[in-house]
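Novice: First, the structure itself, so that you have it in front of you.
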């Protein structure tokens, strides 16, 4: 904050405006699933303020998906989710990402 007016705000107000932070790691599960493990620090933000977004490989004709993460703890909150890389009869090969 370094000298801005925000530095004079009470600590609880400053914490409320901090964005949540998260670390995501991906692991392959079997032939057709990917697991994302997410560690989130909410920084006083409410449940629903963090979403996991799966991004399908470009040109794969597969669909992205996104959903809110349930908040269980304020810091180092661990959540995991999987995505199936086969949608219908289409095998979605390529690079999947999770944000």
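In full-length UniProt numbering, the protein residues as written are 1 to 99. We put the CB at the ideal spot given by N, CA and C, even for glycine. Since we're looking at a predicted model, the values are computed, not measured.
What would DSSP say about residue 39, mapped onto helix, strand or coil?
Specialist: Residue 39 sits at position 39 when you count from the first residue of the chain shown. Strand.
Novice: Verify whether the separation of the beta carbon atoms of residue 34 and residue 44 is less than 9 Å.
Specialist: Position 34 of the chain shown holds residue 34. Position 44 of the chain shown holds residue 44. No. Outside cutoff.
Novice: Below 8 Å on the Cβ atoms is my contact criterion, and I expect residue 83 with residue 65 to pass it. Report the Cβ-Cβ distance as a whole number of Å.
Specialist: To locate residue 83, count along the chain shown from 1; it is residue 83. To locate residue 65, count along the chain shown from 1; it is residue 65. So it is a contact: roughly 7 Å between Cβ atoms.
Novice: So, at 6 Å on beta carbons, what are the nonlocal neighbours of residue 55 in its own chain, with the 5 sequence-adjacent residues on each side left out?
Specialist: Position 55 of the chain shown, counted from the start, is the residue given in the question as residue 55. If we look at residue 55 and ignore the five residues flanking it on each side, its Cβ neighbours are 64, 97.
Novice: Do residue 58 and residue 94 come within 9 Å of each other at the CB atom, strictly closer than that value?
Specialist: The sequence position of residue 94 within the chain shown is 94, counting from 1. The sequence position of residue 58 within the chain shown is 58, counting from 1. For residue 94 and residue 58, yes; Cβs fall inside 9 Å.
Novice: Give me the DSSP bridge partner(s) of residue 86.
Specialist: For the purposes of this step, residue 86 is taken as residue 86 along the chain shown, with counting starting at 1. Looking at the DSSP assignment, residue 86 forms a beta bridge with 91.
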